[in-house]
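For this note's numbering, add 47 to where a residue sits in the sequence shown, where the first one is 1. Below you'll find the structure, written out as structure tokens, and then a few comments.
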Amino acid sequence: MDETMISTGEAVGRAWSFLIAGEERQFQGNAGYEDVVEESYSYDSTVGNHRRVALGDLVVIRSSREALGIGYVEQLEILPNREKLRSRCPGCGSTGFKERTSMRPRFRCSPCGMAFDRPSAETIKVTSYRAHYGGTWQALEGCLERALLSELSLSRSDQQSIKAMDYSGILAAVASRGIRLPRRRPASVDAWSRPFELPGGRWRTTVAVRRGQDAFRRALVRRYGMICAVTGPAPAEVLEAAHLRSFAITEQHRVEQGLLFRSDIHRLFDSGLLAIRSDDFIVQVAPSLGGYAGYSELDGTPIRIPTPELIDRRALSEHYAATVATW
């Protein structure tokens, strides 16, 4: 009989943040877990709050620096009686030791101060868990900064892997940054149709064509959230960083001279078919697009970002003048 069990209970109104383990782990006593960030999160019975996570809970996936994404727990695998390798300080037996990248010996124990190159190892029995949320995943890409995550946390431990969060506060925060979560799926075994086998070797990425372009986009996401300046909230996968002044001429990534656009809007903006007035931030669409309702309806609408005063008006004015002169 397969040892994998499926948890079918449902919780309403609870939120957690899951810390992605790996090279960033502060303490080295426990081996990292094999997480595919956009699909699932693995943990075990040695982790605080492991019993409290349930189907339907809202989860924010975070690194030590920022929020990576958000979703609802759609299925929870429970795998009992698994073996886990745990490392300890050879002096006091603590798991709370840190790796030193530029000093030898390699490790230093925080509780007892002992330095060593090889920790003691033991194999223990644990119950392993894997929370699946890929069907409702929405990328955040750092638009929830570390300070805000700390404010919304109900725990003050920086190292705690699973932290209780303010449910209403998280929903309000992501909504204000343009994130639109899908409805939670029914919490049942039958509702689950995604395979247990996790994708390997490939990740969704944003291709950076120019040096610094990826950092430029991330800076714009932090400033404006996942919001197309013309059409409003949009998935991270279709948002692109646009320059008000041509990068080919300036070769500079200036945040005040950048906006996030949906990919099709970006093409229109760069092709001289769409512009934004600098005096009142109203969108203007080229007359040649009059036959396309999806675009012509944008003409005369205000831009959708909450802080237009952060935009370089002079750069916007130059783009507007050069664009409408060709219509």
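Just so it is clear, CB atoms sit at the ideal spot from N, CA and C, and this is done for glycine as well. Remember, predicted model here, so these are calculated numbers, not experimental data.
- By the criterion of a C-beta distance shorter than 8 Å, residue 317 is surrounded in its chain by 289, once the five residues flanking it on both sides are discounted.
- Judged by DSSP in its simplified three-state form, residue 192 adopts strand.
- Closest option to residue 366, judged by alpha-carbon separation, among 348, 292, 229: 292.
- Considered as a whole, the stretch 170–230 harbours 193–199, 214–223 as its complete alpha helix (DSSP H) runs of no fewer than 4 residues, in chain order.
- Between residue 210 and residue 200, the beta carbon gap of about 5 Å places them in contact (Cβ cut-off 8 Å).
- Comparing C-alpha distances from residue 280 to each of 322, 350, 212 shows the shortest one belongs to 350.
- The Cβ atoms of residue 129 and residue 87 do not sit closer than 7 Å to each other.
- Membership of residue 312 in the alpha helix (DSSP H) is indicated by the continuous run 310–317.
- Here the alpha carbons of residue 93 and residue 284 stand approximately 35 Å from one another.
- As far as DSSP is concerned, residue 292 takes part in no beta bridge.
- The three-state secondary structure of residue 65, taken from DSSP, is strand.
- 7 Å or more divides the Cβ of residue 117 from the Cβ of residue 84.
- Among the bridge pairs identified by DSSP, residue 275 is matched with 279.
- Residue burial annotation: residue 149 is exposed, with fewer than 16 other C-beta atoms found within 10 angstroms of its C-beta.
- Counting only the Cα atoms, residue 268 lies some 20 Å from residue 106.
- Spatial neighbours of residue 343 in its own chain (CB-CB distance under 7 Å, excluding positions within 5 residues in sequence) are listed in chain order as 332, 336, 337.
- Under DSSP, residue 134 shares a beta bridge with 168.
- Per the Cβ contact rule, the stretch 120–138 is in contact with the stretch 156–164 (3 or more Cβ pairs under 8 Å).
- For residue 84, there is no enclosing alpha helix (DSSP H), since its DSSP letter is neither H nor E.
- Leaving aside the five residues that flank residue 96 on each side, the residues in its chain whose CB is nearer than 6 Å to its CB run, in chain order, 209.
- The Cβ atoms of residue 123 and residue 185 do not sit closer than 7 Å to each other.
- In the three-state DSSP reduction, residue 151 falls in the coil class, being neither helix nor strand.
- The beta-carbon separation of residue 275 and residue 301, rounded to 20 Å, does not stay under the 8 Å limit for a contact.
- Nearest Cα to residue 261 within the set 305, 278, 221: 305.
- In this structure, residue 114 places its C-beta atom within 7 Å of the C-beta atom of residue 191.
- Within the same chain, Cβ atoms closer than 6 Å to the Cβ of residue 216 are found at 199, the five residues on either side in sequence being excluded.
- Ranked by how close their Cα comes to the Cα of residue 352, the residues 219, 329, 103 have 329 in first place.
- With respect to the 7 Å criterion, residue 319 and residue 370 are classified as neighbours on the basis of their beta carbons.
- Just so you know, the alpha carbons of residue 287 and residue 356 end up roughly 20 Å apart.
- Its chain contains 60, 61, 62, 105 as the residues whose beta carbon lies nearer than 8 Å to that of residue 214, once the 5 sequence neighbours on both sides are disregarded; these appear in chain order.
- For residue 360, the uninterrupted alpha helix (DSSP H) segment begins and ends at 360–371.
- In the DSSP annotation of this structure, the continuous segment of the beta strand (DSSP E) that includes residue 119 starts and ends at 114–119.
- Shown here, residue 303 sits in a helix according to DSSP, grouped into three states.
- Nearest Cα to residue 374 within the set 156, 221, 321, 347: 321.
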